[in-house]
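Those protein sequence lines, which keep their order, are chains A and B. According to my numbering, the residues represented by the first sequence are 1 to 278, in order. According to my numbering, the residues represented by the second sequence are 1 to 261, in order. First up is the structure itself, then whatever we jot down about it.
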Amino acid sequence: MPSNVAVLPVNGRRAVLGERMRHRRGVVGLITIAAVIGLWFVLTTLTGTISPGRFPSPSDFWTSASQIWTRGYAGGTLLGHALHSLRLVALGFTVAVVTGVPLGLLMGWSRRAEALINPVFLLIRPIPPLAWIPLAILWLGLGDAAKIMVIWFAAFVPSVINTFAGVRSIKRPVLEAANMLGTPGWRFVREVLVPAASPMIFTGLRLSLQASWTTLVAAELVGALLGIGFVLNMAQQDIYPGMILVGMVAVAVLGWATTWVLGQAERRALAWNVAGRD
Amino acid sequence: MDRRLALSEIVLLGALGFSAFIGIWTLLSVTGIVPRQFLPTPLDLVTRFIELLSQPFAGSTLPQHLASSLQRYAYGFLLAAVIGVPLGLMMGWFRLLDVVVTPLFDGLRFIAPIAWVPFAALWFGTGIGGPVMIIFAGAFPPCLINAYRGARFVEPRLLEAGQMLGTNNVRMIMEVLLPASIPSIVAGLRVAAGLGWQSLVGAELIVAAAGVGFMMVQAQANVATATVMAGMAAIGAVGLVIDVLLRQGEAIIRRRRGLNA
Numbered sequence: 001m002p003s004n005v006a007v008l009p010v011n012g013r014r015a016v017l018g019e020r021m022r023h024r025r026g027v028v029g030l031i032t033i034a035a036v037i038g039l040w041f042v043l044t045t046l047t048g049t050i051s052p053g054r055f056p057s058p059s060d061f062w063t064s065a066s067q068i069w070t071r072g073y074a075g076g077t078l079l080g081h082a083l084h085s086l087r088l089v090a091l092g093f094t095v096a097v098v099t100g101v102p103l104g105l106l107m108g109w110s111r112r113a114e115a116l117i118n119p120v121f122l123l124i125r126p127i128p129p130l131a132w133i134p135l136a137i138l139w140l141g142l143g144d145a146a147k148i149m150v151i152w153f154a155a156f157v158p159s160v161i162n163t164f165a166g167v168r169s170i171k172r173p174v175l176e177a178a179n180m181l182g183t184p185g186w187r188f189v190r191e192v193l194v195p196a197a198s199p200m201i202f203t204g205l206r207l208s209l210q211a212s213w214t215t216l217v218a219a220e221l222v223g224a225l226l227g228i229g230f231v232l233n234m235a236q237q238d239i240y241p242g243m244i245l246v247g248m249v250a251v252a253v254l255g256w257a258t259t260w261v262l263g264q265a266e267r268r269a270l271a272w273n274v275a276g277r278d
Numbered sequence: 001m002d003r004r005l006a007l008s009e010i011v012l013l014g015a016l017g018f019s020a021f022i023g024i025w026t027l028l029s030v031t032g033i034v035p036r037q038f039l040p041t042p043l044d045l046v047t048r049f050i051e052l053l054s055q056p057f058a059g060s061t062l063p064q065h066l067a068s069s070l071q072r073y074a075y076g077f078l079l080a081a082v083i084g085v086p087l088g089l090m091m092g093w094f095r096l097l098d099v100v101v102t103p104l105f106d107g108l109r110f111i112a113p114i115a116w117v118p119f120a121a122l123w124f125g126t127g128i129g130g131p132v133m134i135i136f137a138g139a140f141p142p143c144l145i146n147a148y149r150g151a152r153f154v155e156p157r158l159l160e161a162g163q164m165l166g167t168n169n170v171r172m173i174m175e176v177l178l179p180a181s182i183p184s185i186v187a188g189l190r191v192a193a194g195l196g197w198q199s200l201v202g203a204e205l206i207v208a209a210a211g212v213g214f215m216m217v218q219a220q221a222n223v224a225t226a227t228v229m230a231g232m233a234a235i236g237a238v239g240l241v242i243d244v245l246l247r248q249g250e251a252i253i254r255r256r257r258g259l260n261a
């Protein structure tokens with residue numbers, strides 16, 4: 001198939017989408033974004049339809065961004081806040097994955113383990129991650145430990161569920177072949193169970209990562225001493241729209257960047273699974 | 001993988017796991033390894049929950065807090081559905097709208113709904129408007145995405161037949177795209193309901209003067225752990241009920257359409 005032709009799976013209206021079409025889409029997208037930025041400038045700066053107390057103008061945004069970048073705001077520079085949040089997400093996410101994936105493997109592999117753990121899991125699962133925040137603050141205070149705890153709880157559930165589903169979706173013959181060849185326990189887990197379940201495991205990790213960011217931002221908004229959510233919190237209290245926008249953009253960029261990194265890891269780990277990709 | 005277990009075995013193991021959980025929890029609390037003020041026993045929690053049904057905390061009883069939460073939730077969720085679904089369908093039909101909205105939407109989607117809290121408070125206040133906007137921010141994307149996907153994956157034959165018969169745009173959307181996309185839309189609404197409920201909790205923790213989330217924050221400030229946990233239980237239970245109801249609705253619709261559930 002020529003490389004400049006993308007095949008869309010189901011949509012018959014244009015099963016084959018030429019390079020030209022995609023190109024046009026990109027151009028219109030850029031024009032749209034430029035138009036929105038233009039409109040933003042016109043409405044806030046030229047006509048004053050949107051008052052600066054409600055939404056910042058582009059120059060307000062720029063001022064706030066350079067203020068937090070160079071002089072800092074809410075006890076740190078943008079980089080300091082971002083790295084702090086990033087570190088907490090990385091820690092909480094790692095703890096959740098390291099505990100959640102093995103538990104999912106165990107529950108998927110052993111029906112006894114599933115029967116044993118499931119009732120407790122079902123009891124805890126409906127509680128939204130954000131609802132753990134007050135309890136975490138009660139137990140661990142406003143510091144990093146409480147944040148890691150809520151991220152852990154938030155990211156744990158999707159890791160477990162998807163790993164579990166991944167193991168259960170492995171085709172019987174694969175397992176039987178491994179059994180027949182007498183693959184020993186540890187090698188079986190590493191070379192059969194984990195690879196076969198990995199597409200689902202990665203789905204779980206992506207959901208976990210998303211949950212981690214949402215929860216961290218919420219937890220930092222409720223109470224923190226440093227971090228992007230804390231910037232948002234202070235900007236809200238100071239009624240400082242420019243800084244609110246800077247904080248939101250920072251949250252979006254961080255979320256996007258970590259998702260991208262995970263996506264790259266997935267592409268590498270699952271290079272064999274071309275058919276499974278969208 | 002193990003053989004399937006008999007029902008009696010599942011029940012037995014489940015009961016074992018459950019009692020171990022409750023047992024360890026009780027033991028930690030009763031022996032004082034974790035002070036009871038910070039980890040009330042399961043029995044304390046149940047007692048407190050029942051108390052809260054009639055005794056006000058932070059201004060109202062638990063059912064009253066729940067009622068005000070649910071009211072905001074209903075507004076935010078309905079708003080998301082009423083705007084998101086039609087917009088998604090229209091994006092599936094009008095190419096220009098798709099090309100214009102999609103890049104904006106993709107950019108906005110990376111902002112966690114909860115990060116809208118400061119602007120929501122600034123624009124709509126902390127009463128009803130602010131939390132409603134946060135719920136909207138959480139519930140809107142799945143409404144839009146699923147309606148859009150549903151509309152894009154409608155069988156081309158249906159579209160061609162409609163076009164051949166000279167169906168106008170409005171009827172095309174209302175009478176071809178909408179009915180054909182219903183399963184996808186309903187699935188989106190279910191996801192939206194869950195995300196909206198979670199966003200509501202977050203919004204109430206940060207900006208609200210009533211609601212279960214507000215009750216929990218007040219309880220946290222007063223080191224009333226049992227009340228915090230009762231709030232968590234209430235939030236979990238209501239979320240579960242919403243999910244079960246929507247799952248039922250989804251299953252009914254799928255069955256009527258002859259899709260396997």
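Glycine included, C-beta positions come from ideal geometry on N, C-alpha and C.
Residue nearest to R206 of chain A within the set A:D238, A:L262 and A:P56 is A:L262 (criterion: CA-CA distance). By the Cβ criterion, the stretch 87–101 of chain A is in contact with the stretch 155–166 of chain A, since at least three pairs of Cβ atoms, one from each stretch, lie closer than 8 Å.
Among the residues of chain B, those whose CB is under 7 Å from the CB of I137 of chain A are Q220, following chain order. The DSSP-derived three-state label of G141 of chain A is coil. Contact between the stretch 108–116 of chain A and the stretch 221–232 of chain A is absent, with fewer than three C-beta pairs closer than 8 Å. Interface with chain B (8 Å Cβ-Cβ cutoff): V157 of chain A is excluded.
Within chain A, the residues W213, T214, V217, V251 and G255 have their CB atoms less than 7 Å from the CB of A112 of chain B, given in chain order. With contacts defined by Cβ atoms closer than 8 Å, V167 of chain A and G75 of chain A do not form a contacting pair. The beta carbon of M229 of chain B sits closer than 8 Å to some beta carbon of chain A. Residues of the stretch 174–191 of chain A with a C-beta atom less than 9 Å from some C-beta of chain B are L175, listed in chain order.
Here DSSP, grouped into helix, strand and coil, assigns S8 of chain B to helix. By the CB criterion at 8 Å, G88 of chain B and N146 of chain B fall inside the cutoff. By the rule that beta-carbons nearer than 8 Å mark a contact, V82 of chain B does not touch chain A.
Taking all protein chains shown into account, E204 of chain B has 16 or more neighbouring C-beta atoms within 10 Å of its C-beta and is therefore buried. A distance below 8 Å separates the beta carbons of L270 of chain A and F202 of chain A.
The criterion of a C-beta distance shorter than 8 Å is satisfied by W93 of chain B and A151 of chain B. Residues P141 and L144 of the same chain have their beta carbon placed closer than 8 Å to that of F105 of chain B, with the five preceding and five following residues left out of the count.
The beta carbon of L79 of chain B sits closer than 6 Å to those of F136, all from its chain and outside the five residues before and after it, given in chain order. Remark: C-beta atoms of K147 of chain A and A218 of chain A do not approach each other more closely than 8 Å. Beta-bridge partners assigned by DSSP to G76 of chain A: A:Y73. Interface criterion met: the Cβ of Q236 of chain A is under 8 Å from a Cβ in chain B. Looking at the DSSP output, F57 of chain B bridges to B:S60.
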